[in-house]
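Engineer: Top to bottom, those sequences are chains A and B.
Heads up: the first sequence begins at 1 in my numbering, then just goes up one per residue.
Heads up: the second sequence begins at 1001 in my numbering, then just goes up one per residue.
Here a beta-carbon is modelled for each residue, glycine too, at the ideal position from N, C-alpha and C.
Note that this is a predicted model, so its numbers are computed, not measured.
Next up is a structure, given as C-alpha cells.
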Amino acid sequence: MAFRYTMIGAAICIFIFYFGLLASLLFSTNLGGFWEALTHPSTLFSIRLSLMAATLATLFSVLVGLPSAYALSRFQFKGKQIVDTFLEIPIIMSPIALGASFLVFFNTPLGEVIQRKGISFVFEFPGIILAQFATIAGLATRLMKASLDEISPRYEAVARSLGSSSWQAFYRITLPLSFRGLLASVILAWAKAIGEFGATVTLAGAMPRKTETMPIAIFTALASANIEKTIVLILLLIFLGLVALYAVRFTGKMVRYD
Amino acid sequence: MIRIEGLTILLKTFAISDLYIEIEEGAFHFLLGPTGSGKTLILESIIGLHQPKTGKIWIGEKEIQNLPPEKREISYVPQDLALFPHLTVKENILYGIKAQNHPLKVYEGYVESLIQVMKIGHLLERFPTNLSGGEKKRVALLRALAPKPKLLLLDEPLSGLDPSIKFEIQQLLKTLLSSFHPTILCVSHDFEEAFLLGDKMTLFIDGKVEQVGKRDDIFLKPKTKKVAQFLGLRNLYRGKILGKDDCVERSQFEINGLRFSIPNSACQSRMETGREADLYIRPEEVMILRKGKPIKESLKRNIFMGNIKDILSRGRHHSVFFQEMGGNISFEISIPNYAFRNLDLSVGKQVDVALRDESFWVME
Chain A
1 MAFRYTMIGA AICIFIFYFG LLASLLFSTN LGGFWEALTH PSTLFSIRLS LMAATLATLF
61 SVLVGLPSAY ALSRFQFKGK QIVDTFLEIP IIMSPIALGA SFLVFFNTPL GEVIQRKGIS
121 FVFEFPGIIL AQFATIAGLA TRLMKASLDE ISPRYEAVAR SLGSSSWQAF YRITLPLSFR
181 GLLASVILAW AKAIGEFGAT VTLAGAMPRK TETMPIAIFT ALASANIEKT IVLILLLIFL
241 GLVALYAVRF TGKMVRYD
Chain B
1001 MIRIEGLTIL LKTFAISDLY IEIEEGAFHF LLGPTGSGKT LILESIIGLH QPKTGKIWIG
1061 EKEIQNLPPE KREISYVPQD LALFPHLTVK ENILYGIKAQ NHPLKVYEGY VESLIQVMKI
1121 GHLLERFPTN LSGGEKKRVA LLRALAPKPK LLLLDEPLSG LDPSIKFEIQ QLLKTLLSSF
1181 HPTILCVSHD FEEAFLLGDK MTLFIDGKVE QVGKRDDIFL KPKTKKVAQF LGLRNLYRGK
1241 ILGKDDCVER SQFEINGLRF SIPNSACQSR METGREADLY IRPEEVMILR KGKPIKESLK
1301 RNIFMGNIKD ILSRGRHHSV FFQEMGGNIS FEISIPNYAF RNLDLSVGKQ VDVALRDESF
1361 WVME
C-alpha cells in the first residue's frame, strides 16, 4: 500500500504545484482590471497576431512535415538517419539560438537577397511565422511520422493491387486511417507555436502592434510592471493550451469504426 | 497462362535466384516453402511493390514487370487480410471496381453472385472490426476477386484459423474455383494447406526451386531429401545402390549392411550401381505380418524380423516404431486404428514386417 500511496502522492504533488501557480494568478487580479486589460487594443492585437501567426506556421509545417513524415515512415533512402536526427534540432537548440541563427543567415549574401527581393523577415510579421515554423516543423514531422508508423503499409499495398495509384492509396486509405494521430500532431504543433517566445523575439523583435505576439506581450508588460495585462495574457495562453490539449484527447474518441 | 521467368531477388539476409513459375489459367498453384524463405517477398515482387534484380512476368502475352501495381490486374490477399477498417464491408468490396473505374452496373451481377457464394449478404453495412476471423477472410477474398483480376495472390490463406473455420474457408475456396475459375497463386509453408487446395505446386527451399509438380507426385515422389524433409516425411535413409537384383526390373539397395530389393520404378532417376542415394520408406505401406497367415509372393522379397520399440496413438492411426533384429535400421510404420486393434501389438513384441514395393522411393 505504501508503494501505491507514494506514487499517487507524487502525482498529486505535481498537480498542486501547477494548480497553485495558476491560482496565484487569479488571486493577484480583480475582475474590473482583468476586463480592462483583456479588451485593451494592444492585447487584442497580440491575440489576433498570435492566432494568425501560429495557424500559418502550423499550416506550413503540415505542408512540409506530412510528406517528410511519410517518406521517413515508409521509404528507405540514403541519409534517412541524418534527416531523422535533424528533426530534433529545435529540441536540442535553444529558441534564442535558433532566432539568432536566422539573423546571421539574413546577413549572408543569400539572406540579403531574400530580404531585398523576396520576403522581408527580420523584425516583420513573416519573421514570426518563420521563427515559429522553425520551432515546430521538426516536432510536427516527428509526431506525424509516429502516427503514420502505426498504420500498416499493407493497407496501401492492397489498395494499390486493387487499382489505386500511390497518391490515391495515400489519401483514400492512409490519410483517413491516420487522421486522428495527424490531427493531434497538428494541434500540439499549433499549441507549441502559439507559446513560442525565444526565436520569435530574436528574429521579429518586440515591436508593439507589429510583432508583439502574446508571449512577447507578456514579457514587455512584465518589464513595464503592467501586472494586469501580464496575468490576462498568461491566463489566455493557458486557456488556449488547455483547449488544444482537450482537443487532442477528443480526437482519440471521435473516429470509431464500429 | 501466367509466367514468372528468372525472378531473382537479392537481399542482405538471403537471395532468391532464377525463380520460374508457370500457372495455367483457372489453376490453383501453390508456392510452398519454409517460413522466412522469402515467399511474401516473391508475392510483393509479382504485385510490383518490390523491385526484383531481374525477372520477367507475363500475363498471357503481356509483359507486366515494368508496370506499376495498379496497372497489373493482380489482386492480393495478405496474411493479415488488411481489410480497410474505415470502410464498410460493401465499400471494401467495391473498392477495386471503383479504383479501376469499372462501370459498377456491369459488375453488379458478378459481385452479387460472389456475395451469395461467400454468404456475406448480411454483413455488407458492417465495419471489419465487427467481423469474425472467418467472415474477414471471406470479405478479403471477395474484395480481391471483385475487380476480376487476371491473377489472385494469396498469402497463407488458412493460417491462424480454428480447424472448423479452416474447413469452411477451404470449402469456400473450392466452390470459388469451380464457380468462377480464378487463377490463383498461393504461398504457404503448410503442406497440408497446399495438399487440400492446390492443383500444382512449386517447392521452394533455400532460395531455389526444388521441385515442381502435381501435389500427389510431390508428396509420393519427392525429388530430393530436402523436399522430403520439408514435407515432414520420416523414414529417410542414406544408402547405396548395389546393382541388379535377380529380376531385371529390380535393384539391390543397402543401408548399414541390410539389403532391400527395390523396383527400378521406385527410383527418381536411373538406378546406377555404386551410387549413393536416399531411400524413403513410406510408413503407410509397411505391413506387420500376422503369424500363420499366408504371405503373397511379391511381399517375400523384403521381410524383416524385429521388435517394436514404441507405439504412439496419432488419433486416426497408430505409429509403430520398429527396429530390425540386427539393429541396422529402425523405422516408423503407420497402421490404421482398425488394423492396430486386430494385430495385438505391444512394446517389445517380436514381429515380422513386409515392405511392399509401394513403400520404397529412392531420391537423388
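#1: Using the rule of at least 16 other Cβ atoms within 10 Å of the residue's Cβ for burial, across every protein chain shown, is A/F15 buried or exposed?
#2: B/E1005 touches chain A at which residues, Cβ-Cβ below 7 Å?
#3: Between B/L1289 and B/E1358, what straight-line distance do the alpha-carbon atoms span, to the nearest angstrom?
#4: Between B/V1209, B/K1200 and B/D1206, which lies nearest to B/D1216 when the distance is taken from Cα to Cα?
#5: Per DSSP, B/G1239 forms a beta bridge with which residues?
#6: With 7 Å as the limit, tell me which residues of the region 1073 to 1088 of chain B have their beta carbon closer than that to any beta carbon of chain A; keep them in chain order.
#7: From this set, B/D1190, B/G1134, B/V1187 and B/L1145, which residue's C-alpha is nearest B/S1164's C-alpha?
#8: What residues from chain C crowd round B/G1096, counting only those whose CB sits closer than 7 Å?
#9: Cα separation between B/F971 and B/K1223?
#10: State yes or no: is the beta carbon of A/I173 nearer than 8 Å to at least one beta carbon in chain B?
#11: Please list the residues of the region 129 to 162 of chain A that have a C-beta atom closer than 8 Å to any C-beta atom in chain B, keeping them in chain order.
#12: Taking Cβ positions, are B/L1333 and B/V1362 nearer each other than 8 Å?
#13: Just the C-alpha distance for B/K1148 and A/S164, rounded to the nearest angstrom, thanks.
#14: Is the number of C-beta pairs between the region 244 to 252 of chain A and the region 37 to 47 of chain A that are closer than 8 Å three or more?
#15: If you follow the beta strand (DSSP E) that B/V1351 is part of, which residue opens it and which one closes it?
#16: Three or more C-beta pairs closer than 8 Å, one from the region 1030 to 1049 of chain B and one from the region 1115 to 1133 of chain B: is that the case here?
#17: Pull up the CB-CB distance for A/I128 and A/T213, whole angstroms please, since I reckon it's below 8 Å.
#18: Could you name the residues that DSSP lists as bridge partners for B/I1262?
#19: Could you name the residues of the same chain whose beta carbon sits closer than 6 Å to that of B/M1118, not counting the 5 residues immediately before and after it, in chain order?
#20: How many angstroms separate the CA atom of B/E1254 from the CA atom of B/E1272?
#21: Check each residue of the region 167 to 198 of chain A: if its Cβ is closer than 9 Å to any Cβ of chain B, include it; give the result in chain order.
#22: Classify B/K1309 as helix, strand or coil using the three-state DSSP reduction.
#23: Is there a Cβ from chain A that is less than 8 Å from the Cβ of B/P1069?
#24: Please name the residues in the region 1140 to 1173 of chain B whose beta-carbon is closer than 9 Å to at least one beta-carbon of chain A, in chain order.
#25: How many Å lie between B/P1294 and B/H1181 at the Cα?
#26: Under 9 Å Cβ-Cβ, which residues of chain A neighbour B/A1015?
#27: What runs of the beta strand (DSSP E), each 3 residues or longer, lie entirely inside the region 1161 to 1218 of chain B?
#28: Could you tell me whether any Cβ in chain A is nearer than 8 Å to the Cβ of B/A1099?
#29: Just the C-alpha distance for A/M7 and A/G20, rounded to the nearest angstrom, thanks.
#30: Should A/A223 be labelled buried (16 or more other beta-carbon atoms within 10 Å of its own) or exposed?
#31: Whole angstroms is fine: what's the gap from B/I1184's alpha carbon to B/S1159's?
#32: B/L1344 by DSSP, collapsed to three states: which one?
#33: Name, please, each residue of chain A whose Cβ falls closer than 8 Å to the Cβ of B/I1047.
#34: Can B/S1075 and B/A1015 be called in contact, C-beta distance under 8 Å?
#35: Which same chain residues end up closer than 7 Å to B/L1151 when comparing Cβ atoms and leaving out the 5 residues on each side of it in sequence?
Structural biologist: Looking at the atomic coordinates:
#1: Answer is exposed; the Cβ neighbour count stays below 16.
#2: Within chain A, no residue has its CB atom less than 7 Å from the CB of B/E1005, the nearest being about 21 Å off.
#3: When rounded, the distance between both Cα atoms is 16 Å.
#4: Sorting B/V1209, B/K1200 and B/D1206 by C-alpha distance to the C-alpha of B/D1216 places B/K1200 at the top.
#5: Its beta-bridge partners are B/A1277.
#6: Listed by position along the chain: I1074, S1075, Y1076, P1078, D1080, A1082, F1084, P1085 and H1086.
#7: With distances taken between Cα atoms, B/S1164 lies closest to B/G1134.
#8: In the displayed structure, chain C is absent; the protein chains listed are A and B.
#9: Nothing can be reported for residue 971 of chain B, as the shown portion of chain B is limited to 1001 through 1364.
#10: Judged by the 8 Å Cβ criterion, A/I173 is in contact with chain B.
#11: The region 129 to 162 of chain A vs chain B, Cβ under 8 Å: S152, R154, Y155, A157, V158, A159, R160, S161 and L162.
#12: The residue asked about is misnamed: residue 1333 of chain B is Ile in this sequence, not Leu. No; because the gap between Cβ atoms is not below 8 Å, this pair is not in contact.
#13: Their backbone Cα atoms lie some 15 Å apart in a straight line.
#14: Flag = no, the region 244 to 252 of chain A and the region 37 to 47 of chain A do not touch.
#15: Segment Q1350 to L1355, the beta strand (DSSP E) holding B/V1351.
#16: Contact between the region 1030 to 1049 of chain B and the region 1115 to 1133 of chain B is absent: fewer than 3 CB-CB pairs across the two stretches fall below 8 Å.
#17: Yes, they are in contact, since the Cβ atoms of A/I128 and A/T213 sit about 6 Å apart, within 8 Å.
#18: In the DSSP output, where bridge partners are listed per residue, B/I1262 has B/S1251.
#19: Same-chain partners within the cutoff: R1138 and L1142.
#20: Distance between the alpha carbons of B/E1254 and B/E1272: 13 Å.
#21: So the close ones are Q168, A169, R172, I173, P176, L177 and F179.
#22: DSSP, read as helix, strand or coil, puts B/K1309 in strand.
#23: When Cβ-Cβ separations below 8 Å define contact, B/P1069 makes contact with chain A.
#24: Cβ contacts with chain A come from A1140, R1143, A1144, A1146, P1147, P1149 and L1153.
#25: If I take the Cα positions, the gap works out to 51 Å.
#26: Here the premise fails: no neighbours, minimum Cβ distance about 18 Å.
#27: Entirely contained in the region 1161 to 1218 of chain B, the beta strand (DSSP E) runs reaching 3 residues are, in chain order, 1184 to 1188, 1200 to 1205 and 1208 to 1214.
#28: Yes, because at least one Cβ of chain A sits closer than 8 Å to the Cβ of B/A1099.
#29: When rounded, the distance between both Cα atoms is 20 Å.
#30: By the 10 Å Cβ count, A/A223 comes out exposed.
#31: Each residue's alpha carbon lies about 17 Å from the other.
#32: Note on identity: in this sequence residue 1344 of chain B is Asp, with Leu being the wrong assignment. In this structure, B/D1344 counts as coil in the three-state DSSP scheme.
#33: Listed by position along chain A, the residues whose Cβ is nearer than 8 Å to that of B/I1047 are A157, R160 and S161.
#34: Not a contact, by the Cβ cut-off of 8 Å.
#35: The answer, listed in chain order, is I1002, I1059, I1074, T1183 and L1185.
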